[in-house]
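Asks:
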Amino acid sequence: MIYVVATSQVKPECRDAFIKGAKECIAATRKEKGCISYENHTSIHDPNLFVVVERWETREDLNAHGKAPHMKVWREYSAPLKVSPTVIEIISDGKVEKF
Numbered sequence: 001m002i003y004v005v006a007t008s009q010v011k012p013e014c015r016d017a018f019i020k021g022a023k024e025c026i027a028a029t030r031k032e033k034g035c036i037s038y039e040n041h042t043s044i045h046d047p048n049l050f051v052v053v054e055r056w057e058t059r060e061d062l063n064a065h066g067k068a069p070h071m072k073v074w075r076e077y078s079a080p081l082k083v084s085p086t087v088i089e090i091i092s093d094g095k096v097e098k099f
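Numbering-wise, full-length UniProt numbering puts 75 at position 75 of the sequence shown, and it's gapless, one number per residue.
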C-alpha cells in the first residue's frame, strides 16, 4: 500500500474557491483504479492549511492518478490559489519521498 500526504497553504482570500475545486477533484479521484481513500482535511491551527491524505493499492495506480486528466485541471486551477507549491510526501516500503 502507498500513502500520500499532500499539504497546501492557500491564500486566505482564495479559501472558498480552493475548497470548491478540491471537492470536484476528490470526487473524480475516488473513482480511480487503486484509490483506497482520498480525504481532504483542514488544519485545526490554520484554516488555510489543507492536508490531503491518500491511500493507493500500488505505485502504478498512484502514477496513473498523477497523469489523470482531472489532475491536470486541478493543478492548473489550484496553482494561483496557493501561497506556495503543494508539498507531497509518498510513504511506502518503510521510506518517505518528499517532493
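We put the CB at the ideal spot given by N, CA and C, even for glycine.
Measuring CA to CA, which of His65, Ser92, Lys33 and Val52 is closest to Ser43?
Replies: Residue 43 sits at position 43 when you count from the first residue of the sequence shown. For the residues His65, Ser92, Lys33 and Val52, the minimum Cα distance to Ser43 belongs to Val52.
Asks: For the beta strand (DSSP E) containing Ser43, name the first residue and the last one.
Replies: Start at 1 with the first residue of the sequence shown, and residue 43 comes out as number 43. Careful: Ser43 lies outside any beta strand (DSSP E) and carries neither H nor E.
Asks: Got a sec, what are the start and stop residues for the beta strand (DSSP E) Val5 sits in?
Replies: Along the sequence shown, one-based indexing puts residue 5 at 5. Looking at the DSSP string, the run of the beta strand (DSSP E) that includes Val5 is Ile2 to Gln9.
Asks: Below 8 angstroms, can you find three or more Cβ-Cβ pairs linking the stretch 5 to 17 to the stretch 26 to 35?
Replies: The stretch 5 to 17, when compared against the stretch 26 to 35, does not touch it at the 8 angstroms Cβ threshold.
Asks: Mind checking Ser37: buried by the 16 CB within 10 Å criterion, or exposed?
Replies: Taking the first residue of the sequence shown as 1, we reach residue 37 at position 37. The residue is exposed, with fewer than 16 neighbouring Cβ atoms inside 10 Å.
Asks: Our contact map puts Val4 next to Glu54 with C-beta atoms below 8 angstroms; I'd like the distance itself, whole angstroms only.
Replies: Taking the sequence shown and counting its residues from 1, one reaches residue 4 at position 4. Taking the sequence shown and counting its residues from 1, one reaches residue 54 at position 54. Contact flag correct, Cβ pair sits at about 4 angstroms.
Asks: Are Gln9 and Leu49 closer than 8 angstroms when you measure CB to CB?
Replies: Within the sequence shown, the letter at position 9 stands for residue 9. Within the sequence shown, the letter at position 49 stands for residue 49. Yes, these two residues count as a Cβ contact at 8 angstroms.
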